[in-house]
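Here is the structure we will look at, set down as C-alpha cells.
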Amino acid sequence: MVRLDLNNPEFQAEWFALQKEDFIAIRNTLRKLCSMNWNQIYRDKGLRWEKIRSVKTGKGRE
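Residue numbering for the sequence shown follows the numbering used here, beginning at 319 and increasing consecutively.
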C-alpha cells in the first residue's frame, strides 16, 4: 500500500493554487497512486518520474 503525505507546505501552496482542470487531473492521479503498490507504480507507463534534485540522501546522493 502506498501512503501519501500531503502536508508539505510547498506542496499545499501549489495544490491550492491549481486551476480546476489541473486540480482534477492531479487528484485523479493521487487516487490512482493510492490504489497501487510500489511494483505497480514502477511499471506503470502512464506515470512520469522526475528526479528531485533539491533533496539528498543521508549519504549525499541525489
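Beta carbons are placed, not taken as given, at the ideal position from N, Cα and C, and that holds for glycine. Owing to the predicted nature of the structure, the values given are computational and were not obtained by experimental measurement.
Please work out which residues of its chain come closer than 8 Å, Cβ to Cβ, to residue i, disregarding the five sequence neighbours upstream and downstream, and give them in chain order.
| i | result |
| --- | --- |
| W356 | V320 |
| L322 | L348, L351 and C352 |
| M354 | V320 and D362 |
Verify whether the separation of the beta carbon atoms of residue i and residue j is less than 8 Å.
| i | j | result |
| --- | --- | --- |
| I344 | L351 | no |
Might you give, ordered along the chain, the residues of its own chain that have their beta carbon closer than 6 Å to the beta carbon of residue i, omitting 5 neighbours on each side?
| i | result |
| --- | --- |
| N325 | none |
| K338 | none |
Report yes if the C-beta of residue i is less than 7 Å from at least one heavy atom of the ligand PLP; otherwise report no.
| i | result |
| --- | --- |
| D340 | The ligand PLP is not part of this structure, which contains no ligands at all. |
Among the options, which residue has its Cα nearest to the Cα of residue i?
| i | options | result |
| --- | --- | --- |
| G364 | P327, W333 and N346 | N346 |
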